[in-house]
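Student: Below: one structure in structure tokens.
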Amino acid sequence: MTSTVSRFVLLRATVLAASVASLFGGAAFAGTPQDGGTLTAIVQPEPVTLTSAINTAAPTGFISGNVFDGLVDYDLDLNPKPALAERWEVAPDGLSITFFLRKGVTWHDGHPFTAADVKWTLENVWKTIHPRNQATFGRVTQVDTPDDHTVILRLSEPSLAILSSVNSNGAQVLPKHLYEGTDILNNPYNLKPVGTGAFVFKEWSKGNHLILERNPNYWDKGKPHLDRIVFKVIPDAAARAAALEKGDVQYAVFSPVPLKDAERLGKLPSLKIETRGYEWISPWLFFDLNVDNKYLKDVRVRRAIAHAIDRKAISNIVWYGFAKPAISPVPSTLPAFHDATVPQYEFDVKKAEALLDEAGYKRGPDGVRFALTHDFIPYGDDYKRTGEYLKQALKRVGIEVTIRSQDTAAFTKRVYGDRDFDISSAWFAAFSDPQVGVTRAYWSGWVGKNTPWTNGSGYRNPEVDALIAQAQGQARQEDRIATFKKIQQIVQTDLPSIPLAELKFFSVHAANLKDVVTHGDQIYGSLKDAWFDKAASN
Amino acid sequence: MALVVLGIAVVNFFLLHLAPGDAAQVLAGEAGSATPEYMAALRRQFGLDQPLPLQFLQYLGNLLTFNLGFSFRHGLPVLELIGQRLPATLLLMTASIGFAVLAGSALGVVAARNAGRLADTLISTLALLFYATPVFWIGLVLVVVFSVGLDWLPVGGMTSVEAGYGGWDHVKDVARHLVLPAATLGLFYLAIYTRLMRAAMLEVTTQDFVRTAVAKGLKPRRIALRHVLRNALLPVVTMLGVQVGSILGGAVLVETIFAWPGLGRLAFEALFQRDLNLLLGILLCSSAVVVVVNLAVDLLYTVLDPRIDFAR
Numbered sequence: 361m362t363s364t365v366s367r368f369v370l371l372r373a374t375v376l377a378a379s380v381a382s383l384f385g386g387a388a389f390a391g392t393p394q395d396g397g398t399l400t401a402i403v404q405p406e407p408v409t410l411t412s413a414i415n416t417a418a419p420t421g422f423i424s425g426n427v428f429d430g431l432v433d434y435d436l437d438l439n440p441k442p443a444l445a446e447r448w449e450v451a452p453d454g455l456s457i458t459f460f461l462r463k464g465v466t467w468h469d470g471h472p473f474t475a476a477d478v479k480w481t482l483e484n485v486w487k488t489i490h491p492r493n494q495a496t497f498g499r500v501t502q503v504d505t506p507d508d509h510t511v512i513l514r515l516s517e518p519s520l521a522i523l524s525s526v527n528s529n530g531a532q533v534l535p536k537h538l539y540e541g542t543d544i545l546n547n548p549y550n551l552k553p554v555g556t557g558a559f560v561f562k563e564w565s566k567g568n569h570l571i572l573e574r575n576p577n578y579w580d581k582g583k584p585h586l587d588r589i590v591f592k593v594i595p596d597a598a599a600r601a602a603a604l605e606k607g608d609v610q611y612a613v614f615s616p617v618p619l620k621d622a623e624r625l626g627k628l629p630s631l632k633i634e635t636r637g638y639e640w641i642s643p644w645l646f647f648d649l650n651v652d653n654k655y656l657k658d659v660r661v662r663r664a665i666a667h668a669i670d671r672k673a674i675s676n677i678v679w680y681g682f683a684k685p686a687i688s689p690v691p692s693t694l695p696a697f698h699d700a701t702v703p704q705y706e707f708d709v710k711k712a713e714a715l716l717d718e719a720g721y722k723r724g725p726d727g728v729r730f731a732l733t734h735d736f737i738p739y740g741d742d743y744k745r746t747g748e749y750l751k752q753a754l755k756r757v758g759i760e761v762t763i764r765s766q767d768t769a770a771f772t773k774r775v776y777g778d779r780d781f782d783i784s785s786a787w788f789a790a791f792s793d794p795q796v797g798v799t800r801a802y803w804s805g806w807v808g809k810n811t812p813w814t815n816g817s818g819y820r821n822p823e824v825d826a827l828i829a830q831a832q833g834q835a836r837q838e839d840r841i842a843t844f845k846k847i848q849q850i851v852q853t854d855l856p857s858i859p860l861a862e863l864k865f866f867s868v869h870a871a872n873l874k875d876v877v878t879h880g881d882q883i884y885g886s887l888k889d890a891w892f893d894k895a896a897s898n
Numbered sequence: 089m090a091l092v093v094l095g096i097a098v099v100n101f102f103l104l105h106l107a108p109g110d111a112a113q114v115l116a117g118e119a120g121s122a123t124p125e126y127m128a129a130l131r132r133q134f135g136l137d138q139p140l141p142l143q144f145l146q147y148l149g150n151l152l153t154f155n156l157g158f159s160f161r162h163g164l165p166v167l168e169l170i171g172q173r174l175p176a177t178l179l180l181m182t183a184s185i186g187f188a189v190l191a192g193s194a195l196g197v198v199a200a201r202n203a204g205r206l207a208d209t210l211i212s213t214l215a216l217l218f219y220a221t222p223v224f225w226i227g228l229v230l231v232v233v234f235s236v237g238l239d240w241l242p243v244g245g246m247t248s249v250e251a252g253y254g255g256w257d258h259v260k261d262v263a264r265h266l267v268l269p270a271a272t273l274g275l276f277y278l279a280i281y282t283r284l285m286r287a288a289m290l291e292v293t294t295q296d297f298v299r300t301a302v303a304k305g306l307k308p309r310r311i312a313l314r315h316v317l318r319n320a321l322l323p324v325v326t327m328l329g330v331q332v333g334s335i336l337g338g339a340v341l342v343e344t345i346f347a348w349p350g351l352g353r354l355a356f357e358a359l360f361q362r363d364l365n366l367l368l369g370i371l372l373c374s375s376a377v378v379v380v381v382n383l384a385v386d387l388l389y390t391v392l393d394p395r396i397d398f399a400r
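Same order as they appear, the protein sequences are chains A and L. Quick note: the first sequence uses the working numbering, first residue 361, plus one each step. Quick note: the second sequence uses the working numbering, first residue 89, plus one each step.
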């Protein structure tokens, strides 16, 4: 136990040192960026397609963000910064949003980038087939393009969430001249994308590697610094750790190695562990309790389970410190929306037992009150360990848990389609506005629709549904914040799902690779600022 | 024979459709977010909105015209995908099985000729050790020692794309990448051939025609190589036939550890992604290869052992 704790403290110190170093590293110590060099990065799993506009999967976003620019980027505090849009205005009544586009930007094939591209993509992709944007852009009734560099969105009611998802991942603009009139999902350019970004697509050898090259005509003069980025597919976690350690690969994202390897790699002088760049995603981990289950439909049982779980232990031990205990489904990384005053369920085994007794489930002669199953999200060992922790924690209060495992397709069908489960685990991205990422877990319209990553618990509360609808249409941010806080209070009282931890994904990069994280949406953004410090290389 | 392959295809089709969930669900799951409209669009794109019997008829029709179908996930025809991965798998399997057969048989012969002595014990122990050690463990240890530690060989992949080699440099580069995966896989197979060869040699040695050869006064070396070895090859060839048949299945573990872009990984991933067209295509090709190789092995027997003849 002591060794676990001290290892953990060391790890925390390493992570802290790494982030402090990279915070000051770029400007204070390393000097001016140097041009040139090939960056080799790991992409895992291999992406299906390279356009985030039709597939929001993480590996697609990781590559696509380099080929396509967004209308904006988000800085580390999630404020929008100009990219393809130089500036933007929201009308006082919230019923129109105007983007003023950068002039002189061209697609990689030389075609000029204009307002027509934005209008076409919004109408034909974001509003129709984009997996996440139909709700966000649903209130856009008309798109006006008074000239080639102005786009005006007319809204039926205000939709402030739009401004928090117009980066390259949230709302990717596709080249109209290559997509118009085609079958968008089967368009060949999805596999050989033509964007406006800092890097141009070169080749994709399936199962092997993918190459991007420097865009010499990039609008942001002087960038990018790197000549080439090679993305390699390395399916085995231990092999990824070896490749990073040896220096064959200089950059990998989304917690690319097991947490215990991260500790070891972080101590090497040639590597750095970085937890910034994931702010825009704001992931949180939770247990969904199936409210149709005969035990779990009783709120006292749900609260008892929450009291039986030590969320500090989950963050510090199960997740090696790469997590922070969560108290609300809106993570504290969204400080404006997060409500710290929601009902808390502190770790208290006695209270849990008392609640279970009160609900009428006394311990049987064998000490067991009742049995439940647990299906963990099949995304690796960390989630399995979380499930094993749950089993132990609930055994202490007399609930027997059987852990089941399956692959992703079977898991999502079981939880979101068949609803044949008792307790499941999942992590969702909250994104920078709870409307985009959080409300889907509680809106009753999603129950049993067989749509992955929505309302898994089966929670149906008309009051919450009404508040969700209300928040979407409020024009003033303060009103929306108040509504979201009200939602948090209710769902944390009813507790259909138990927030466990705000996950801290990490990236591993070579120590001489500088400015690799400059944005809050970095892992879905562009590596145009990254450069190799040749003096420091060995 | 064609009937066998067709039968396998039919069984595969219905077996794979028993797996819960479909490709649209996997894609939506990976996307991290979805709407029913998005999933309906995907299912329409993949042809999954058709009833199962109709899908089956379509599949059957495609098969009869030698069309393996289209992998919607990869956006490419199945045949093209298999074609892209086949060279890597062939290279890995030829290198590892070639190494295993040659080295394994040689070790088996040496062990048999020194049966009961130190060399035999040593070889048998080593063979057992390699056979019993999990492949992924051998692979990782080789990587840690020869790549990370000694820095002699690359960690994984098939080429150093960053260097952009051409011509002979490219061949040398691929060869360097091939050493570790081929050795990892080869060491496992090697054990089988060593044991097999040793047992067969010992068995043949006790037979009458060998005693005759000894009585004729032939040199032991000549007896071992010309009379015993040739007859002892039969079980080895049978084993080779079985293993060559698994070429298309590839070596999932080794390809995964070394990021080798082969068919095994493609099939493995296709299963998790419910890319049934692709998986069915790979399975069908493997079963065809198994059938053909079995035939070839039967024919090879007649060359090795004149006593075996075609039935009339």
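Don't be surprised by glycine CBs; every beta carbon is placed ideally from N, CA and C.
Checking the sheet assignment: what are the DSSP bridge partners for Trp467/A?
Tutor: Answer by DSSP bridge pairing: none, since Trp467/A is not bridged.
Student: Which residues of chain L have a Cβ atom closer than 7 Å to the Cβ of Gly567/A, listed in chain order?
Tutor: Arg173, Pro349, Arg353, Leu354
Student: Measure the C-alpha to C-alpha separation of Gly396/A and Gly252/L and round it to an integer number of angstroms.
Tutor: Straight-line measurement puts the Cα of Gly252/L at about 16 Å from the Cα of Gly396/A.
Student: Measure the C-alpha to C-alpha separation of Lys463/A and His509/A and round it to an integer number of angstroms.
Tutor: 7 Å
Student: Buried or exposed for Ala417/A, going by 16 or more other Cβ atoms inside 10 Å?
Tutor: buried
Student: Could you tell me the boundaries of the alpha helix (DSSP H) in which Lys710/A lies?
Tutor: 709-718
Student: Determine, for Phe389/A, whether the minimum Cβ-Cβ distance to residues of chain L falls below 9 Å.
Tutor: Caution applies to Phe389/A, whose pLDDT of 46 falls short of 50 and renders its modelled position unreliable; the model cannot decide the point.
Student: Taking Cβ-Cβ distances shorter than 8 Å, what residues in chain A pair up with Met181/L?
Tutor: Residues of chain A passing the Cβ test: none, with the nearest at roughly 16 Å.
Student: Report the neighbours of Thr398/A on chain L: residues whose CB is nearer than 8 Å to its CB, in chain order.
Tutor: Close partners of Thr398/A in chain L (Cβ separation under 8 Å): Glu250.
Student: Between Ala413/A and Trp679/A, is the Cβ-Cβ spacing less than 9 Å?
Tutor: Taking a C-beta distance under 9 Å as the contact criterion, Ala413/A and Trp679/A do not qualify as a contact pair.
Student: So, with DSSP's three-state summary, where would you put His734/A?
Tutor: The three-state reading of DSSP puts His734/A in strand, counting E and B together.
Student: Taking DSSP's pairing of strands, which residues face Ala401/A in a bridge?
Tutor: Phe591/A, Tyr611/A
Student: If Ile759/A and Leu732/A are in contact, beta carbons under 8 Å, what's the gap, nearest whole angstrom?
Tutor: That pair is a contact at about 6 Å.
Student: Answer with buried or exposed for Met89/L, where buried requires no fewer than 16 other C-beta atoms within 10 angstroms of its C-beta.
Tutor: The residue is exposed, with fewer than 16 neighbouring Cβ atoms inside 10 Å.
Student: Name, please, each residue of chain A whose Cβ falls closer than 8 Å to the Cβ of Asp397/L.
Tutor: Result: empty, since nearest Cβ-Cβ is about 45 Å, beyond 8 Å.
Student: Is it buried or exposed for Leu148/L, if we count other Cβ within 10 angstroms and need 16 for buried?
Tutor: By the 16-neighbour rule on beta-carbons within 10 angstroms, Leu148/L is exposed.
Student: Output the distance between the C-alpha atoms of Val325/L and Leu392/L, rounded to the nearest integer angstrom.
Tutor: The straight-line gap from Cα to Cα measures roughly 10 Å.
Student: Going along the chain, which residues of its own chain have a beta-carbon closer than 8 Å to the beta-carbon of Val365/A, five neighbours each way excluded?
Tutor: Legend: pLDDT at Val365/A = 39, less than 50; position of this residue unreliable, value from coordinates given subsequently. There are no such residues.
Student: Would you say Leu551/A faces chain L, with C-beta separation under 9 Å as the test?
Tutor: yes
Student: Is Arg671/A helix, strand or coil by DSSP?
Tutor: In this structure, Arg671/A counts as helix in the three-state DSSP scheme.
Student: Starting from His537/A, follow the alpha helix (DSSP H) in both directions and report where the run begins and ends.
Tutor: 536-539
Student: Can you tell me where the alpha helix (DSSP H) with Thr501/A in it begins and where it stops?
Tutor: Counting along the chain, Thr501/A falls outside any alpha helix (DSSP H), though it belongs to the beta strand (DSSP E) covering 500-504.
Student: Alpha carbon to alpha carbon, how far is Ala122/L from Leu372/L?
Tutor: 33 Å
Student: Closer than 7 Å, Cβ to Cβ, to anything on chain L: give me those residues from the region 519-548 of chain A, in chain order.
Tutor: Leu545, Asn546
Student: Let's test the definition: count the other Cβ atoms within 10 Å of the Cβ of Arg310/L and tell me whether it reaches 16, buried, or not, exposed.
Tutor: exposed
Student: Spell out a yes or no on whether the region 312-330 of chain L and the region 110-117 of chain L are touching, meaning 3 or more CB-CB pairs, one atom from each, closer than 8 Å.
Tutor: Flag = no, the region 312-330 of chain L and the region 110-117 of chain L do not touch.
Student: Considering Cα atoms alone, identify which of Gly425/A, Pro738/A, Ser817/A is closest to Asp782/A.
Tutor: Ser817/A
Student: State yes or no: is the C-beta of His468/A within less than 9 Å of the C-beta of Asn547/A?
Tutor: no
Student: For Leu158/L, which residues does DSSP report across the bridge?
Tutor: According to the sequence displayed, residue 158/L carries Phe and not Leu. In DSSP, Phe158/L forms a bridge with Pro165/L.
Student: Under 7 Å, CB to CB, which of the residues in the region 493-521 of chain A have a partner in chain L?
Tutor: Taking 7 Å as the upper bound on Cβ-Cβ separation, chain L lies near residues Gln494 of the region 493-521 of chain A.
Student: Considering only their Cβ atoms, is the gap separating His162/L from Val403/A smaller than 9 Å?
Tutor: no
Student: For a test of the three-state rule: what should DSSP assign to Phe234/L, helix, strand or coil?
Tutor: Residue state, collapsed to three classes: helix.
Student: Examine chain L for any beta-carbon lying closer than 9 Å to the beta-carbon of His490/A, and answer yes or no.
Tutor: Closer than 9 Å: yes.
Student: Can you list the residues of chain L that Thr772/A reaches, using a CB-CB cut of under 7 Å?
Tutor: Ordered by position in chain L, the residues that pass the 7 Å Cβ test against Thr772/A are Gly109, Gln113, Gly117.
Student: Do the CB positions of Gly885/A and Gly555/A come within less than 9 Å of each other?
Tutor: no
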